[in-house]
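Heads up, the thing below is written out as structure tokens.
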Amino acid sequence: MTTTTPDSSGKTVTDTLIVGGGQAGIAMSEHLGKLGVPHLVLERSRIAERWRSERWDSLVANGPAWHDRFPGMEFDKGRTDPEGFASKENVAAYFEKYAQKIEAPIRTGVEVKNVERNVGRLGYTIDTSEGIVEANRIVAATGPFQRPAIPPIAPKDDALYQMHTSDYRNPDQLPEGGVLVVGAGSSGVQIAEELQRAGKQVYLSVGAHDRPPRSYRNRDFCWWLGVLGEWDAETIKPGMEHVTIAVSGAHGGKTVDFRALAHEGVTLVGLTESFDNGVVRFKPDLADNIRRGDENYLSQLDAADDYIARNGLDLPEEPDARTILPDPECVKDPILELDLEKAGVKTIVWATGFSVDYSWLKNVDACDENGKPKHHRGVSSEPGIYFLGLPWLSHRGSSFIWGVWHDAKYLADQIAKQRKYLEYHNAVQGVAEFETESE
Ligand SMILES: Cc1cc2nc3c(=O)[nH]c(=O)nc-3n(C[C@H](O)[C@H](O)[C@H](O)COP(=O)(O)OP(=O)(O)OC[C@H]3O[C@@H](n4cnc5c(N)ncnc54)[C@H](O)[C@@H]3O)c2cc1C
-11 MTTTTPDSSG KTVTDTLIVG GGQAGIAMSE HLGKLGVPHL VLERSRIAER WRSERWDSLV
49 ANGPAWHDRF PGMEFDKGRT DPEGFASKEN VAAYFEKYAQ KIEAPIRTGV EVKNVERNVG
109 RLGYTIDTSE GIVEANRIVA ATGPFQRPAI PPIAPKDDAL YQMHTSDYRN PDQLPEGGVL
169 VVGAGSSGVQ IAEELQRAGK QVYLSVGAHD RPPRSYRNRD FCWWLGVLGE WDAETIKPGM
229 EHVTIAVSGA HGGKTVDFRA LAHEGVTLVG LTESFDNGVV RFKPDLADNI RRGDENYLSQ
289 LDAADDYIAR NGLDLPEEPD ARTILPDPEC VKDPILELDL EKAGVKTIVW ATGFSVDYSW
349 LKNVDACDEN GKPKHHRGVS SEPGIYFLGL PWLSHRGSSF IWGVWHDAKY LADQIAKQRK
409 YLEYHNAVQG VAEFETESE
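Structural data, given as structure tokens:
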């Protein structure tokens, strides 16, 4: 007998427990529901909580609304233009509505604290903030970006205000004075621009990056990566493991152009290497990083032009897209050392990404010694445990809204397959050893 609320003894029994009620958990619920697999989603906070409270105020989706969504529902056109970029509030509202539409069995405000494999019988006993759950399977959908990652070079200096992007909300939060933003992926570059527009002196530390054109020849880059098969790439190209992607939907969406940022007043510096007595050292790699970013940008224009020619598409030419601005002074003669006090820098914003936190899974054999999930396409080395929503889980799109939906479909199929084997076993043995009933 499966339930979605606790019985009189305080226990809930289900076939598959989904941990996390973000986009991954909702996609998983949709596919399991379609296959008739009894399941329950536990979310420690609210649906799509990260979009509500763990992102900065002005954040909008990086992809247009026609693209950054699940196939089953469009964004509310009254709130978000399909060609526009949904605000973080509208993304959260979208997932809340989606969960209602599919009647996802979600319990919010319930945290999963620990998982133990059952001994001598199938499944797991899960300790939550609201009692015990018994489940045959668990899908960890707790997000690709869970724990703020700050490199070990970070200084311990009371005179400096330091924050990770997950704590950044808006420029008013920062003390007077200049800011060093470390990391120039999508988050770092957007926050640096916002701070510069708010009148702050901003230093932006730029490492290796890709910077796709926001749009080219009348098509958004999301469309180009789609038709060129790049979202479906299954492995990271060798040497690209530490390359971030700088893209933005802010201000109506425009191509990230580091030179333009510098001409507007942001001082670009190379990769942040070390801190020593209030002095930051940067690698002398800024010009190289900018040049490689240009190569990536131009190669995407070339690929788009080839695609148009090959398929005879009628899309307007855009020669201006190939214009590269002159190198600003900070690129020609880069700063390699910055004395923070002398430069008036009072804040560091670490735009250095996130790591995962599967501490609640520590008692099962699903993660390696570094706490990283051991899995193939989300199917864990620990039978009955599945991971969803991780970067490159199965392809480049795996951690994004449109990609996670397809990975969830695959995992739901895997779960349904396992249930069929158990049903066969039960039938031939004439036992009810395993709970496999459908809703
Ligand atoms: C700044 C930023 C901008 C982004 N913009 C885009 C974009 O424009 N387009 C796009 O496609 N993707 C974007 N992404 C990537 C991705 O879509 C988001 O990170 C998204 O939030 C991931 O969804 P998820 O469901 O996998 O994980 P999350 O949204 O992280 O959801 C996981 C949920 O699990 C819950 N949880 C965690 N631990 C437990 C526990 N032990 N028990 C119960 N619940 C738990 C959390 O509260 C959370 O609600 C962005 C990411 C970032 C960081």
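Under the numbering used here, read the sequence shown as residues -11 to 427, first letter to last. Even glycine gets a Cβ: it sits at the ideal position worked out from N, Cα and C.
Range of the contiguous alpha helix (DSSP H) that encloses residue i
{"i": "Tyr398", "result": "Ile389 to Gln417"}
{"i": "Trp212", "result": "Phe209 to Val215"}
{"i": "Lys225", "result": "Careful: Lys225 lies outside any alpha helix (DSSP H) and carries neither H nor E."}
{"i": "Leu249", "result": "Phe246 to Glu252"}
{"i": "His19", "result": "Gln11 to Lys22"}
Where residue i falls, given that 16 or more other Cβ within 10 Å makes a residue buried
{"i": "Tyr412", "result": "exposed"}
{"i": "Thr2", "result": "buried"}
{"i": "Asp69", "result": "exposed"}
{"i": "Pro140", "result": "exposed"}
{"i": "Arg202", "result": "buried"}
{"i": "Asp146", "result": "exposed"}
{"i": "Gln417", "result": "exposed"}
{"i": "Arg38", "result": "buried"}
{"i": "Pro432", "result": "What the structure shows of the chain is the stretch from -11 to 427, and residue 432 is not part of that stretch, so it cannot be assessed."}
{"i": "Leu378", "result": "buried"}
{"i": "His230", "result": "exposed"}
{"i": "Lys76", "result": "buried"}
{"i": "Ile224", "result": "exposed"}
{"i": "Gln178", "result": "buried"}
{"i": "Glu31", "result": "buried"}
{"i": "Glu317", "result": "exposed"}
{"i": "Gln88", "result": "exposed"}
{"i": "Thr0", "result": "buried"}
{"i": "Asp208", "result": "buried"}
{"i": "Ser117", "result": "exposed"}
{"i": "His364", "result": "exposed"}
{"i": "Glu222", "result": "exposed"}
{"i": "Pro304", "result": "exposed"}
{"i": "Pro371", "result": "exposed"}
{"i": "Ala292", "result": "buried"}
{"i": "His239", "result": "exposed"}
{"i": "Ser287", "result": "exposed"}
{"i": "Glu18", "result": "buried"}
{"i": "Leu301", "result": "exposed"}
{"i": "Ala415", "result": "exposed"}
{"i": "Pro200", "result": "buried"}
{"i": "Gly307", "result": "The residue asked about is misnamed: residue 307 is Pro in this sequence, not Gly. With fewer than 16 other Cβ atoms within 10 Å, it is exposed."}
{"i": "Ala297", "result": "exposed"}
{"i": "Glu425", "result": "Annotation note: pLDDT 44 at Glu425 (below 50); position unreliable, coordinate value reported separately. It is exposed - the Cβ of Glu425 has fewer than 16 other Cβ atoms within 10 Å."}
{"i": "Asn50", "result": "buried"}
{"i": "Asp401", "result": "exposed"}
Range of the contiguous beta strand (DSSP E) that encloses residue i
{"i": "Gln134", "result": "From DSSP, Gln134 is part of no beta strand (DSSP E); its letter is neither H nor E."}
{"i": "Asn124", "result": "Gly119 to Ala128"}
{"i": "Ile373", "result": "Ile373 to Phe375"}
{"i": "Ile6", "result": "Lys(-1) to Val7"}
{"i": "Tyr149", "result": "Tyr149 to His152"}
{"i": "Val29", "result": "His27 to Glu31"}
Exercise. Quick one: complete alpha helix (DSSP H) runs, 4+ long, within the region 36 to 116?
Worked result: 37 to 41 and 76 to 89
Problem set entry | Segments of 3+ residues assigned as beta strand (DSSP E) that fall wholly inside the region 154 to 203 | 166 to 170 and 190 to 193
Problem set entry | Continuous alpha helix (DSSP H) assignments of at least 4 residues falling wholly in the region 258 to 340 | 274 to 299, 317 to 320 and 328 to 331
For this session: Would you check if the region 318 to 332 and the region 257 to 264 touch, i.e. whether three or more CB-CB distances between them fall below 8 Å?
Result: yes
Exercise. How do the region 337 to 345 and the region 123 to 137 stand: do at least 3 beta-carbon pairs fall below 8 Å, yes or no?
Worked result: yes
For this session: State whether the region 242 to 250 contacts the region 302 to 322, with contact taken as three or more CB pairs (one from each stretch) at a distance under 8 Å.
Result: yes
For this session: Answer yes if the region 14 to 21 comes into contact with the region 392 to 405, meaning at least three C-beta pairs across the two stretches below 8 Å, and no otherwise.
Result: yes
Exercise. Below 8 Å, can you find three or more Cβ-Cβ pairs linking the region 111 to 128 to the region 27 to 35?
Worked result: yes
Exercise. Counting Cβ pairs, one atom from each stretch, are 3 or more of them under 8 Å apart for the region 181 to 198 and the region 265 to 277?
Worked result: yes
Exercise. Does the pairing of the region 184 to 191 with the region 158 to 166 give three or more beta-carbon distances under 8 Å?
Worked result: yes
For this session: Would you check if the region 48 to 66 and the region 94 to 113 touch, i.e. whether three or more CB-CB distances between them fall below 8 Å?
Result: no
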